[in-house]
Structure formats: C-alpha cells, structure tokens
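Peer 1: My questions all concern the structure below.
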Amino acid sequence: MSEIERLDRASNEFDFIVLDLGVIYDFASQLSGRRWSGQALMWVSTYADSLMVLGPSDRVGLERLQNFAGELKRNAIKPPLTFLHVLRQQGKRESANAERFLKIITPLRPEKICEFPFDPRSVLKAEVEESSLMESNERGIVRKVIAEIAGQFTS
1 MSEIERLDRA
11 SNEFDFIVLD
21 LGVIYDFASQ
31 LSGRRWSGQA
41 LMWVSTYADS
51 LMVLGPSDRV
61 GLERLQNFAG
71 ELKRNAIKPP
81 LTFLHVLRQQ
91 GKRESANAER
101 FLKIITPLRP
111 EKICEFPFDP
121 RSVLKAEVEE
131 SSLMESNERG
141 IVRKVIAEIA
151 GQFTS
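So the sequence shown is numbered by full-length UniProt numbering: it starts at 1 and just counts up by one.
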C-alpha cells in the first residue's frame with residue numbers, strides 16, 4: 001500500500017490528519033513532482049478540509065511567504081487557508097513586519113489568521129526536559145494558544 005493510499009484510508013478513519021509538509025519552495029513543481037513531499041502536497045491540495053500555513057515575519061519568512069502567496073494565486077487549491085503568524089519580540093521592526101505579513105496574505109482571503117506568541121523560554125524548557133508544553137509549563141502562553149487554535153478546528 002502506497003503512502004497516498006494510506007492517507008486516503010486514514011481520511012476515512014480519523015477526524016483530523018496533520019501533515020507537516022515542511023518548507024515549500026516551488027509550489028507548482030512540487031504539485032507535479034513524484035517525490036513523497038509533492039504527492040503529499042497534491043493530496044492535501046485536493047482532499048484536505050483546511051490548509052494551515054505557519055510563517056514568521058522575519059526577512060526570510062516574509063520572502064518565502066511572498067513566493068508561496070504568488071504560487072497560490074497561480075495554482076488553485078481546494079482547502080481554505082489558515083495562517084499562523086509566528087510572532088517575534090515586540091518592537092517597531094516586528095510591527096512593520098506584521099503589517100507586511102498581513103498585506104501578503106490578505107489577498108488570499110484566508111479563513112483564519114492566528115498569532116503564535118513569542119515564548120522561547122517555555123519552548124526551550126520543554127525541549128530540554130523532553131516533555132510536552134503542558135508538562136513543562138502548564139500556564140505557558142504557547143500551550144494556551146495551541147489549545148485555543150485546536151479548539152477553533154474542533155468546534
């Protein structure tokens with residue numbers, strides 16, 4: 001049984017399937033490629049109920065987001081888009097970058113735009129302890145936001 005056949009089977013058995021497609025550089029060529037990542041992206045573009053795009057608003061993240069947005073304008077996909085904006089430390093530059101992030105994604109008419117907070121201490125603690133965010137910092141903002149975002153998709 002191929003991986004794609006397994007995805008088809010899993011879609012009949014589970015309410016939610018989360019696929020990390022990694023960094024997508026050239027959307028059009030990935031859609032036509034034979035590699036697993038291209039096949040998975042093609043499956044998601046056709047069958048997924050929603051597509052979540054996670055991106056920071058730093059220089060590299062914004063450049064990749066701009067390229068991805070351009071590809072999405074040229075290549076129609078079925079699932080509605082949700083963007084998770086990974087925030088960095090607050091400041092004038094972050095504010096300007098956040099505005100640019102919104103300017104890039106707004107023409108794509110996303111279903112949702114969520115902000116993912118900057119909390120390196122909680123994340124690092126969980127990594128060092130090799131534990132979940134819940135175990136390492138029950139009251140941490142990242143854990144709360146993840147739970148809130150998950151709640152939006154399950155309700």
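Even glycine gets a Cβ: it sits at the ideal position worked out from N, Cα and C.
In this text the structure is predicted, and so the values were computed from the model without any measurement.
Can you look up Glu-115 in the DSSP assignment and give me helix, strand or coil?
Peer 2: Reduced to three states, the DSSP call for Glu-115 is strand.
Peer 1: Please name the residue or residues paired with Met-52 in a DSSP beta bridge.
Peer 2: DSSP lists Thr-82 as partners of Met-52.
Peer 1: So, at 6 Å on beta carbons, what are the nonlocal neighbours of Arg-88 in its own chain, with the 5 sequence-adjacent residues on each side left out?
Peer 2: Around Arg-88: Glu-94, Phe-118.
Peer 1: With C-beta atoms as the reference, is Ser-11 less than 8 Å away from Tyr-47?
Peer 2: The answer is yes: Cβ separation under 8 Å.
Peer 1: For Pro-107, which residues from the same chain have a beta carbon less than 8 Å from its beta carbon, with the 5 sequence-adjacent residues on both sides left out?
Peer 2: Excluding sequence neighbours, Pro-107 sits near Ala-69, Lys-73.
Peer 1: Less than 7 Å between C-beta atoms, sequence neighbours within five positions excluded: which residues of the same chain meet that for Trp-43?
Peer 2: Counting only Cβ-Cβ distances below 7 Å, and skipping sequence neighbours, we find Ile-4, Leu-7.
Peer 1: According to DSSP, simplified to helix, strand and coil, what is Gln-89?
Peer 2: Here Gln-89 sits in coil by DSSP.
Peer 1: Distance check for Gly-55 and Asn-97, CA to CA, integer angstroms please.
Peer 2: If you take the alpha carbons of Asn-97 and Gly-55, they lie about 12 Å apart.
Peer 1: Hey, how far is the Cα of Ile-141 from the Cα of Thr-154?
Peer 2: Ile-141 and Thr-154: Cα-Cα distance of roughly 20 Å.
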